[in-house]
Amino acid sequence: MANPTAITLHNKSRTLEIAFDDGASFNIPFELLRVYSPSAEVQGHGPGQETLQVGKRDVGITDLEPVGQYALKPIFTDGHASGLYTWQYLYDLGANLDARWHDYIGRLHAAGFFGDTGREPGAVLHGTAAPSHHGCGHRH
1 MANPTAITLH
11 NKSRTLEIAF
21 DDGASFNIPF
31 ELLRVYSPSA
41 EVQGHGPGQE
51 TLQVGKRDVG
61 ITDLEPVGQY
71 ALKPIFTDGH
81 ASGLYTWQYL
91 YDLGANLDAR
101 WHDYIGRLHA
111 AGFFGDTGRE
121 PGAVLHGTAA
131 PSHHGCGHRH
């Protein structure tokens, strides 16, 4: 498994630059990090339980907390702070950036958003209300 050698937040371009010890280097947009958060709030608790994230085009990162020697915990400007991004997960996001982006846009279109409308701040999934809490939506 590759380990990071450099991590830089670029707030102006809204990207996380991460270089690994195998020579790979990626610039991952904050928006993609947010919509593919590994948290239960986004991923659910199993296949098919994912929650499509909308309105995240302008999301920022206010802090990037290290978690041991294996992960980062970004604090996003929309309040999301529960995802732990392991080195392997960040490497996978970077290595598959184009495919992940294509999948995300495809899911937005399938949900009825045309063009980039699902990415715009304030976008809401049709037939859902904005959540009033930051939990994953059900009781444990």
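Under full-length UniProt numbering, the first residue of the sequence shown is numbered 1, with each subsequent residue one higher.
Beta carbons are placed, not taken as given, at the ideal position from N, Cα and C, and that holds for glycine.
Subject >> Alpha carbon of T77 to alpha carbon of K56, nearest angstrom >> reply: Translated into the one-based positions of the sequence shown, residue 77 becomes position 77. Translated into the one-based positions of the sequence shown, residue 56 becomes position 56. Going by the C-alpha atoms only, they are around 10 Å apart.
Subject >> Stretch pair the segment 20-27 + the segment 62-76: three plus CB contacts closer than 8 Å >> reply: no
Original post:
Once you ignore the five residues that flank G118 on each side, which residues in its own chain have a CB closer than 7 Å to its CB?
Top reply: Your numbering for residue 118 matches position 118 in the sequence shown. For G118, same chain residues with a beta-carbon under 7 Å away, outside a window of 5 residues either side, are V54, L108 and A111 in chain order.
**OP:** Return helix, strand or coil for T5, following the three-state DSSP convention.
**Re:** For the purposes of this step, residue 5 is taken as the residue at position 5 of the sequence shown. Strand.
**OP:** Could you pull out every unbroken alpha helix (DSSP H) segment of at least 4 residues lying fully inside the segment 74-136, listed in chain order?
**Re:** DSSP runs (the alpha helix (DSSP H)) wholly in the segment 74-136: 87-95 and 97-110.
Original post:
In angstroms, rounded to a whole number, what distance separates the CA positions of H102 and Q69?
Top reply: As a position in the sequence shown, residue 102 is number 102, starting the count at 1. As a position in the sequence shown, residue 69 is number 69, starting the count at 1. The straight-line gap from Cα to Cα measures roughly 31 Å.
**OP:** Pull up the CB-CB distance for G60 and F30, whole angstroms please, since I reckon it's below 8 Å.
**Re:** Taking the first residue of the sequence shown as 1, we reach residue 60 at position 60. Taking the first residue of the sequence shown as 1, we reach residue 30 at position 30. G60 to F30, Cβ: 6 Å. Contact.
Original post:
For the candidate residues G79, P74 and A95, whose alpha-carbon lies nearest to that of Y85?
Top reply: As a first step, residue 85 is located in the sequence shown; it is residue number 85 there, counting from the start. The residue with the shortest Cα to Cα distance from Y85 is P74.
Subject >> For E41 and R34, the rounded distance between their alpha carbons >> reply: Stepping through the sequence shown from its first residue, residue 34 is reached at position 34. Stepping through the sequence shown from its first residue, residue 41 is reached at position 41. Approximately 11 Å, taken between the alpha carbons.
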